[in-house]
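S.K.: Just so we're aligned: 58 in the UniProt record's numbering is position 58 of the sequence shown, and the numbers increase by one with no gaps anywhere.
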Amino acid sequence: MMLEISDKTSDVNSFSERETPDSEDQEGRERNVALEASSKTNELLPATVTLKRMERLAPVFDPPQIRIAVRENEANTGLAKLRAFYMDNRPGSVTYILLAGDTSLFSVNSFTGSLRLLRPLDAEEEASYEIRIGTAEAGVLRTEPDLAHTAVVKVDVLDANDWIPNFELDNYQFKVSADAEPGTVVGRVVAYDQDKDEPNNKIRYRIMENSDAGAEYFSVDRDTGVLTVANRLHSLSSKLISVILFFFSFTL
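#1: From which residue to which residue does the beta strand (DSSP E) around Gly-101 run?
#2: May I have the straight-line CA-CA distance separating Asn-73 from Asp-159, to the nearest angstrom?
#3: Could you tell me the distance, in whole angstroms, from the CA atom of Pro-59 to the CA atom of Val-152?
#4: In angstroms with no decimal places, state the Cα-to-Cα distance between Leu-115 and Arg-222.
#5: Could you tell me the alpha carbon to alpha carbon distance between His-234 and Phe-218, rounded to whole angstroms?
#6: Look at the alpha carbon of Leu-141 and the alpha carbon of Gly-113, and state the distance between them as a whole number of angstroms.
#7: Within the same chain, show all residues whose beta-carbon is closer than 6 Å to that of Arg-232, passing over the 5 residues directly before and after it, in chain order.
#8: Beta carbon of Ala-80, beta carbon of Ile-68: below 7 Å?
#9: How long is the line joining the alpha carbons of Leu-66 and Phe-106, rounded to whole angstroms?
#10: Rounded to whole angstroms, what is the Cα-Cα separation between Val-186 and Lys-202?
#11: Go ahead and label Phe-61 buried or exposed: buried means 16 or more other beta carbons lie within 10 angstroms of its beta carbon, across all protein chains shown.
#12: Three-state secondary structure (DSSP) at Ala-151?
#13: Would the beta-carbon of Val-220 fall within 7 Å of that of Arg-188?
#14: Which of helix, strand or coil does DSSP assign to Glu-216?
#15: Taking the alpha-carbon positions, what's the Ile-133 to Thr-150 distance?
#16: Per DSSP, Arg-116 is paired with what?
#17: Helix or strand or just coil, what does DSSP make of Ala-178?
#18: Tell me the rounded alpha-carbon separation between Trp-176 and Pro-182.
#19: Considering just the uninterrupted stretch of the beta strand (DSSP E) at Glu-130, what are its terminal residues?
#20: So, at 6 Å on beta carbons, what are the nonlocal neighbours of Glu-121 in its own chain, with the 5 sequence-adjacent residues on each side left out?
#21: By the 10 Å Cβ neighbour count, where 16 or more other Cβ atoms means buried, how is Thr-135 classified, buried or exposed?
#22: Compare the C-alpha of Gly-139 against each of Leu-99, Ala-127 and Ile-131 and name the closest.
#23: Let me check understanding here. Comparing Cα to Cα, which of Val-190, Asp-102, Thr-228 and Ala-123 lies closest to Asn-171?
#24: Between Tyr-96 and Leu-117, which are expected to be in contact by the criterion C-beta below 8 Å, what is the C-beta distance as a whole number of angstroms?
#25: Which value, in whole angstroms, describes the spacing of the CA atoms of Arg-119 and Ser-110?
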């Protein structure tokens, strides 16, 4: 509170306060009062002063930064609950508003400060989001640049194993000599998975047991897809053999 005295009396040593009609502002920002000042000679000196109260600070957030993780494909779920309060500990309304962020994806409850995810996220499309939340009261009350009148929420999207791998080609054809020694490289098959992170995009290769003679005479590296000779091929000379491979991806 600041006290402005219009009189320039230097020997005033006490005041008695009397409010003037219609003097108090409902917000408590300013009021005029009539004072009777008593000097050292006990002479009453009327004076009018203006009492100014500092304008109330807008609510501040605690904590001002939050980082959370959500698995892709989840929807209609609560993410976090924001909290803002008045530093003067006096009661007052706090109305939460979304200042920055995709309103088709996120919403904040204006009364509780609860942040919700509205529809599924896709880690392959966007790996993270940043949301800024404030209060409606910050638009009318005083704010300070060094105080957290807004909160920032960072949302990391966790990848889910939701893509089916595919071979680059539908059919692979390789030629190999009947005299090839075990361990000879025949060729390589390649599959791909569009999931963003490991192990969801990690592919393993395997020869199916019902191949013509594939599982007996050939082997495939489970990590690279490189096909090699496993046993001598003399008995298969001039034959066309079908080797059926399959792949899979997994989640730990």
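We put the CB at the ideal spot given by N, CA and C, even for glycine. This one's a predicted model, so the numbers in the text were calculated from it and none came from an experiment.
M.R.: On the basis of the data shown:
#1: Numbered from its first residue, the sequence shown carries residue 101 at position 101. Unbroken run through Gly-101: none, as it is neither H nor E.
#2: To locate residue 73, count along the sequence shown from 1; it is residue 73. To locate residue 159, count along the sequence shown from 1; it is residue 159. Asn-73 and Asp-159: Cα-Cα distance of roughly 9 Å.
#3: As a working note, residue 59 is residue 59 in the sequence shown. As a working note, residue 152 is residue 152 in the sequence shown. If I take the Cα positions, the gap works out to 15 Å.
#4: Walking along the sequence shown from the start, residue 115 turns up at place 115. Walking along the sequence shown from the start, residue 222 turns up at place 222. Leu-115 and Arg-222: Cα-Cα distance of roughly 44 Å.
#5: What you label residue 234 is simply residue 234 of the sequence shown in a count that begins at 1. What you label residue 218 is simply residue 218 of the sequence shown in a count that begins at 1. Rounded to whole angstroms, His-234 to Phe-218 spans 13 Å at the Cα level.
#6: Reading the sequence shown from its first residue, position 141 is the one you call residue 141. Reading the sequence shown from its first residue, position 113 is the one you call residue 113. Whole-angstrom Cα-Cα distance: 19 Å.
#7: Start at 1 with the first residue of the sequence shown, and residue 232 comes out as number 232. Once the five neighbours on either side are set aside, Arg-232 has no close Cβ partner at all.
#8: For the purposes of this step, residue 80 is taken as residue 80 along the sequence shown, with counting starting at 1. For the purposes of this step, residue 68 is taken as residue 68 along the sequence shown, with counting starting at 1. In this structure, Ala-80 lies near Ile-68, with their beta-carbon atoms less than 7 Å apart.
#9: Along the sequence shown, read from residue 1 onward, the residue named residue 66 stands at position 66. Along the sequence shown, read from residue 1 onward, the residue named residue 106 stands at position 106. Checking the displayed sequence, the identity of residue 66 turns out to be Ile instead of Leu. One C-alpha to the other measures close to 15 Å.
#10: The sequence position of residue 186 within the sequence shown is 186, counting from 1. The sequence position of residue 202 within the sequence shown is 202, counting from 1. When rounded, the distance between both Cα atoms is 23 Å.
#11: For the purposes of this step, residue 61 is taken as residue 61 along the sequence shown, with counting starting at 1. Phe-61 comes out buried.
#12: On the sequence shown, position 151 is the one that residue 151 refers to. If DSSP states are grouped into helix, strand and coil, Ala-151 belongs with the strands.
#13: Numbered from its first residue, the sequence shown carries residue 220 at position 220. Numbered from its first residue, the sequence shown carries residue 188 at position 188. The Cβ atoms of Val-220 and Arg-188 lie no closer than 7 Å to each other.
#14: Start at 1 with the first residue of the sequence shown, and residue 216 comes out as number 216. If DSSP states are grouped into helix, strand and coil, Glu-216 belongs with the helices.
#15: Taking the sequence shown and counting its residues from 1, one reaches residue 133 at position 133. Taking the sequence shown and counting its residues from 1, one reaches residue 150 at position 150. Straight-line Cα distance between these residues: approximately 6 Å.
#16: Locating residue 116 in the sequence shown gives position 116, where the first residue counts as 1. DSSP lists Gly-78 and Ser-107 as partners of Arg-116.
#17: Here the question's residue 178 lines up with position 178 in the sequence shown. If DSSP states are grouped into helix, strand and coil, Ala-178 belongs with coil.
#18: Translated into positions along the sequence shown, residue 176 becomes position 176. Translated into positions along the sequence shown, residue 182 becomes position 182. Here the sequence assigns Val to residue 176, which means Trp is not the residue at that position. Going by C-alpha positions, Val-176 is about 11 Å away from Pro-182.
#19: The residue given as residue 130 occupies position 130 in the sequence shown. Looking at the DSSP string, the run of the beta strand (DSSP E) that includes Glu-130 is 128 to 135.
#20: Along the sequence shown, one-based indexing puts residue 121 at 121. One detail in the question is off: residue 121 reads as Leu in this sequence, not Glu. Residues Glu-72 and Val-157 of the same chain have their beta carbon placed closer than 6 Å to that of Leu-121, with the five preceding and five following residues left out of the count.
#21: Counting from 1 along the sequence shown, the entry for residue 135 is found at position 135. Counting Cβ neighbours within 10 Å, Thr-135 comes out buried, since at least 16 surround it.
#22: Stepping through the sequence shown from its first residue, residue 139 is reached at position 139. The residue with the shortest Cα to Cα distance from Gly-139 is Leu-99.
#23: Counting from one through the sequence shown, the residue named residue 171 turns up at place 171. Nearest option by C-alpha distance: Val-190.
#24: For the purposes of this step, residue 96 is taken as residue 96 along the sequence shown, with counting starting at 1. For the purposes of this step, residue 117 is taken as residue 117 along the sequence shown, with counting starting at 1. So it is not a contact: roughly 16 Å between Cβ atoms.
#25: What you label residue 119 is simply residue 119 of the sequence shown in a count that begins at 1. What you label residue 110 is simply residue 110 of the sequence shown in a count that begins at 1. Roughly 19 Å separates the two Cα atoms.
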